[in-house]
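To keep things clear, I will list the structure first and then write my remarks on it.
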Amino acid sequence: MSPPDPRAGSAPPESFAALLRRLREARGLTQEELAARAGLTVHGVSALERGVRRRPYPHTVRSLAGALDSSAAERAALLSAGAGPGPAGTPGPGDRTAVLRGLPAPVTALLGRDDDVAAVAAALVRSDARLVTLTGTGGVGKTRLALAVAERTATRFADGVAFVALAAVDDPALVLPAIGRVTGLPTVEDGDLDGRVVDQLRGAHLLLVLDNLEHLPGAVPVVARLLEQCPRLGVLATSRAALRLRGEWEHVVHPLALPPTAPRDLTQVASAPAGALLLDRARAVSPEFGSGPGGAAAVAALCRRLAGIPLALELAAARARVLDAAALLERLDDAMSRDGAADLPPRQRTMRATLDWSHRLLDPADRLLLQRLAVFTGGCTLEAVEAVAADLADPLGSLERLVEHSLVEVSGEGGARRYGMLEPVLQFARSLLDEQEARRARTAHAAFYLDLAEQAAPGYQGAEQVGWLDRAERDAANLAAAVEWWLQAGDGARAGRMAWALWLFWWLRGRLRQGRRLAEAALEQDQPAEVRVRTVLTAASMAFAQGDLPHSGARWAEAADLAVASGDVEGQAYAFAGQGLAALGSGAPDRAEPFFAAALAVAEQAGPAADWVAALTHVWLGTVRQVSGDPRGAVPHIERGLASARRRGDRLATYVALFGLVQAELAEGRPAAAREHLVEGIELSEQTGDLANLAFFVESLAVVEGAAGAHDRAAVLLGAAHGLRERVGSEVYGYYLPDPALRSRAEAQARAALGDPAVEDALATGQDLDVPAVLALALRRGTPTG
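Throughout, this note's numbering is defined as the position within the sequence shown, counted from one, plus 7.
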C-alpha cells in the first residue's frame, strides 16, 4: 500500500492562465493593452488566458512579466506556472537543470518570432535534421533567434547547449579550439587539440550553436567532420548563406512583419512585430514616443523604411531620446549612420557597418553586380539583371551568391520571379556606385525598359492585355525611372518613344499625373518628327483623362498638324479622333462628327496599325448619335466597334463599346439588356484594374437597380461610384456621356422611398467600400465588407 500523499487535500497550484488573468485585471489592463505592451497579439494573450497554450515560451513569459511590472515574486510565479509539469521522465521547458555553456543572457525581449522559434526547435529535435542553419540579411536577428531556440530546446539534449561566438574568429583552424574552450576542454599549445575536441564531443548529446559562420567558408568541413564523427550532436548555425552540406535544413529568417501604411492608431502599429519592437525600444528611452498627432503614421513609415530589420529598428530607436517619430523619420539616414549601443559588436553599431561586413565577404564581381542592381526600384526580373550585367563573366553565378548571402531577395514564382533588395541594403548599394558606373548601369537599365515598353505596347490593345498590364505594373517604377534617365541624358527621342509606348498603360492604371509630366518634359527636348507626333498625342491623352479639355484639344490639334505635315497617317488617325473627343467632351457633338469621320478615313490608309483607334472611333460616332437624341441610330455604330474589339480580344475597346450600348438601352427603356452589358463591363474592368471605367459602370448599375425598385442597393452603388472617382482623382473617360437625369432620378427615387437619413447613410457606406467590396456588391458575390 502506498504511503499517503502529503499534498493530498491541499489546493492545486494556480494555473498560468488564471495567474495571468488575475495579474492583468489587478493592473486594470485589457487584453489589447497587455498585448500592445508585451509585443504580442491579442489572440496570443487570449489563448494564454483561456489555457489553450499552457506552456508558453520563457521569453514570452518574461515579456508578459515586464509588461505587467511584476514583482520578483510574481515574476517567479509566472515562470513556474508557465513551465508546468512535463511528461513523466522528461524535463519541462522551465527546467533549468540543463547545461547552458557560453549562452549570453538576452537583455531585451524577443518580439514577433514565436513561429520561427517553434519551427526551428521542432526541426532540431527531429532525428533527421541534425544541422539547421539560420540564414538572412545582416541585422535580421539570426543570433537572437538562435539564443531563443537554444533556450527552448536545451532540455531536449542530455548534455545541454554550447554557444560558440565566431564573429571575432578569422581563421577556420581556430574554430575547433573555440568550441573546445566553450565546452570546457583544457587547451595546450601542443598535441592534437582538434582531435581531442572531436573525441570530447563524440558521445555527447549536445546542441552546438555556431554563431556567425558566414566569413569562415573554410570552417564548413569542420562542421561536416563534427556531424560525421559525433552522431548525437546537433548543430544550429547562423550565417548569411547556407553551408551547403548534405542533410542541412535551412531556415530563412525574414524581417519582422510591418504595420499597415495608414494605421488607425498606435495599438494597430504595435500589433505588427516591427511596430511593437520599435515602440518597445524607443519608449525605453522616451516613454511618449509616437504619441503625438501623426505619430502612428510616422512610426509605421519608419518600420517600412527600415524594412522590418530588427537591428535597423533598434538603431533608430536609440535616437528616440532626442527625436520624436516624425523628426526621426525626416533624419533617418543620419540616425542610421550613428553608433548604436556600446555593447553591440562593432560590426553592428551602425547599419552601414553591418552591411559593410557582408560586402567585404563578396568577390569583386559579386560586389559590382550588387552595385548595379541598385539602379532598380521595386525589384526586377532575371532578364533585367542580365541586361545590366552583360559584361560580367558569370552574372547568374554572382546573382546566386548575392541571394545566398541574403543581400538579394527572391519573390514570386515561375515567370513572375523577381529579385530585389530590402530598403537599407538598396540604399547601401546605391551609396557604393561611383558616377561613371552609375551612368553605365542606368543607361543599360533604361535601354532594357525601353525595349520592354515597346514590346508590351501592342499587347495593351489585344487579347493578352491583362498579362501585359500586370507585367508593366510590376515594373512601373523601373519604367518611369527609365524615362527620367533618358530625359536627364537629354535624349528626348527615347524619352518620347517610351512615353508613347506607355500611354495606354498609364491611362488604364490611373498614372495620369506621372504620364502627363513625363510627356510634357520630353516635348521640351529635340525629337524627330514621328516621335514628336506621338509624344504630343501622349500629352493630349493624359490631359484629356484628367479633364483638361482646353489643353488636350490644343495638343491634339498640334499633333494633327505635325502628322499631316510629315505624312504620318497613323498619327493622323489618333489626332483626328482625339480632336473629336475634345469636341464631344465640350458638348459639341456636331463639331466632333467630322473629326471622327476623318479619323476613320485615314485609319483605312494606315491599315492594321490603326485598327484599335478605328474600333473606338465607331463607338464614339455612336455616342454622337446618342447625345443627339438618336439612341436607335447609335446602336449600329457601337456594335461595329464592339465586334472589332471582341475579334481582337481587346477588353478596353469592348467595355467602351458596352458602355455606349448601355446608354442607348437605358434611353430606349430596356434596363434588362443594360444590366447584362453592365455586368460584363464590370467584370472586364476588374480584369484590367480600370477603376475609372468601373466607376461609370457602377453608377449606371445604380440607375438600373433604382428602376427595379432596389433603392437601398442603388444608393450604396451611387456612393461606391463616387468613392471610386475620388480614388482615381479624375473621371478619365470624358467621352462617356451618360444622361445625368438618370442618375438624379435614381437618387431622388431612393430619397422618396427611404428618406434622406437612410440614403445619406447608404451613400456613405458605398463611398467607404474598398474595390473588392464594390465588386462583390455589384456582382452579388456574397456580403461585401469595407
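Think of the CB as a built atom: it goes at the ideal place given N, C-alpha and C, for glycine as much as any other residue.
Keep in mind that this is a model prediction, so the values were computed, not measured.
- Residue burial annotation: Q612 is exposed, with fewer than 16 other C-beta atoms found within 10 angstroms of its C-beta.
- The continuous beta strand (DSSP E) containing E257 extends over residues E255 to V259.
- With a 10 Å radius around the Cβ and a threshold of 16 neighbouring Cβ atoms, G730 comes out buried.
- Following the DSSP letters along the chain, one finds G636 in no beta strand (DSSP E), marked with neither H nor E.
- Going by beta carbons, A269 and P280 fall outside the 8 Å limit.
- Straight-line spacing of the CA atoms in A283 and D775 works out to 29 Å.
- With respect to the C-alpha of G89, the residue from R69, R447, A572 and R374 having the closest C-alpha is R69.
- Excluding the 5 residues flanking it on each side, G713 has same chain C-beta neighbours closer than 6 Å at A721, A753 and Q756, in chain order.
- Judged by beta-carbon spacing, R108 lies within the 8 Å limit of F170, meaning their Cβ atoms are closer than that value.
- DSSP, reduced to helix, strand and coil, places D618 within a helical segment of the structure shown.
- Take the alpha-carbon of G554 and the one of T545: they are about 14 Å apart.
- Of the candidates A453, G517, D746 and A506, the residue whose Cα lies closest to the Cα of T695 is G517.
- Distances from the alpha-carbon of L309 to those of G574, R446, T115 and L336 put L336 closest.
- By the neighbour-count definition (other C-beta atoms within 10 Å, threshold 16), D135 is an exposed residue.
- Residue state for G474 is assigned as helix, using DSSP reduced to three classes.
- Residue ranges of uninterrupted alpha helix (DSSP H) with 4 or more members, entirely inside the region 492-520 and ordered along the chain, are 499-515.
- For A112, no alpha helix (DSSP H) segment is defined, and its DSSP state is neither H nor E.
- If you compare the alpha carbons of P184, L71, G560 and L243 with that of V156, the shortest gap goes to L243.
- Within the region 722-789, the complete alpha helix (DSSP H) runs of at least 4 residues fall at 747-761, 763-775 and 778-785.
- Between the alpha carbons of R311 and L399 lies a distance of about 33 Å.
- Nearest to G167 by C-alpha distance, out of T150, A226, D206 and L214, is L214.
- Rounded to the nearest whole angstrom, the CA to CA distance from A397 to A436 is 19 Å.
- Less than 8 Å separates the beta-carbon of A582 from that of A570.
- The count of Cβ pairs closer than 8 Å, one atom from the region 244-261 and one from the region 285-295, stays below three, leaving the stretches out of contact.
- For S87, the three-state secondary structure derived from DSSP is helix.
- Looking only at M358, V139, H222 and Q534, the smallest Cα-Cα distance to R253 is reached by V139.
- Under DSSP, T245 forms a beta bridge with L141.
- Selection R44, G46 and R57 evaluated against L27 yields R57 as nearest (Cα-Cα).
- In its chain, beyond the 5 residues on either side, L525, A526, A529, T542 and T545 have a beta carbon closer than 6 Å to the beta carbon of A506.
- Closest option to A126, judged by alpha-carbon separation, among G146, A153, A116 and T115: A153.
- Contact annotation: G773 and L701 have beta-carbon atoms that are not nearer than 8 Å.
- Per the coordinates, the alpha-carbon of L377 lies some 7 Å from the alpha-carbon of L409.
- For Y426, the enclosing beta strand (DSSP E) has its first and last residue at R425 to G427.
- In this structure, A508 lies away from A561, with their beta-carbon atoms at least 8 Å apart.
- Look at the beta carbons and you see the region 617-636 touching the region 657-667: at least three pairs across the two are nearer than 8 Å.
- Closest in alpha carbon position to P643, among Q521, R655, E672 and R209, is E672.
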